[in-house]
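Novice: Take the sequence shown: its letters are residues 298 to 553, numbered as in my numbering.
Every residue, glycine too, gets a C-beta built ideally from N, C-alpha and C.
Keep in mind the model is a prediction, meaning the values are calculated, not measured.
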Amino acid sequence: MKVIAIIPARMNSSRFPGKPMTKIHGIPMIGHCFYRIKMCKDLLEVYVATCDDEIVNYIESIGGNAIMTSTSHERATDRTAEAMIKIEEMTGGNIDVVVMVQGDEPMITPEMITDAIQPFDNADTINVVNLMANIKSVEEFEDPNEVKVVVDNESNAVYFSREPIPSRKKGYDTVPMLKQVCVIPFKRDYLLKFNKMEETELERIESVDMMRIIENGEKVHMVLNDTTTYSVDTEQDKRNVENSMVGDLLLAKYKL
């Protein structure tokens, strides 16, 4: 199985402009993502897909592969798909699975990538996988920047929301509190199919693109991984990540 990872990234983030190049322990955030994903031995290669020269120049300066993509993309999946097609043209062969990893996950580990792609070995019917993790505090559960997920007995997503789901307001103090972790492997053809689907109403309401799949009656398979990671959407998130990465064992393995 030919598996690559693509990290879509752009400087013009509405919530945190310049986020990919903001430094954490002296290294741009996109660099942390690249170095750590590159350590996964299950990947043929890792690419960064971007429309910004600053990101391209940085990734190439550390020996990485950057793919320049259109400035018009609003969704990470569109940017990832464009990059995948360009990579196939460059390498002369089709990819089987592309792992889309958001560039604001600087604490990702190689094992998370391995866990995310493992279901494809056992089930031909799985087309897309998301990692999920347990939420460890009510504050995080109520944070609208965290995408929450409810799953069925087969670990398929029932619903995604930025609201706290399931409800704690019906007399239950303890409910399953799970969040989406933006490590999302797609089968090649399914990524292209996904991007051809019309945007759906609940996708817009929740601002979660995986809802498009559920609304079309298809499945998003979820894999639990309880590695402690934090995505970066705000300056405070960045400070939290910096504190959490003190003593991080993978930092010493970066090939700077």
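Looking only at its own chain, which residues have a Cβ that is under 6 Å from the Cβ of Pro305, when we skip the five neighbours before and after it?
Specialist: Ala346, Ala373, Arg376, Thr377
Novice: Whose CA, out of Asn431, Asn442, Gly468, lies closest to the CA of Gln533?
Specialist: Asn442
Novice: Thinking Met336 and Ile327 are a contact (beta carbons under 8 Å), I'd like their distance in whole angstroms, please.
Specialist: About 16 Å; that fails the 8 Å criterion.
Novice: So, for Val472: in the same chain, excluding its five sequence neighbours on each side, which residues have a beta-carbon less than 7 Å away from its beta-carbon?
Specialist: Pro463, Arg465
Novice: Alpha carbon to alpha carbon, what distance is there between Ile356 and Arg307?
Specialist: 13 Å
Novice: According to DSSP, what are the bridge partners of Tyr456?
Specialist: Its beta-bridge partners are Val447.
Novice: Does Ser358 pass the burial test, meaning 16 or more other C-beta atoms within 10 Å, or should it be called exposed?
Specialist: exposed
Novice: What did DSSP end up calling Pro463 once you bin it into helix, strand or coil?
Specialist: Three-state result, Pro463: coil.
Novice: If we call anything under 8 Å between Cβ atoms a contact, is Lys490 one with Asp393?
Specialist: no
Novice: Within 8 Å, do at least three Cβ pairs link the segment 478-497 to the segment 414-434?
Specialist: Per the Cβ contact rule, the segment 414-434 is in contact with the segment 478-497 (3 or more Cβ pairs under 8 Å).
Novice: Any idea if Pro314 is buried or exposed, counting beta-carbon neighbours within 10 angstroms, 16 or more meaning buried?
Specialist: Pro314 is exposed by the Cβ-count criterion.
Novice: Use the C-beta contact count for Leu475: other C-beta atoms within 10 angstroms, 16 or more gives buried, fewer gives exposed.
Specialist: buried
Novice: Please state whether DSSP places Tyr344 in a helix, a strand or coil.
Specialist: The answer is strand: DSSP assigns Tyr344 an E or B state.
Novice: For the beta strand (DSSP E) containing Lys484, name the first residue and the last one.
Specialist: 480-484
Novice: Return yes when the Cβ of Thr366 is within less than 8 Å of the Cβ of Glu351, no when it is not.
Specialist: no
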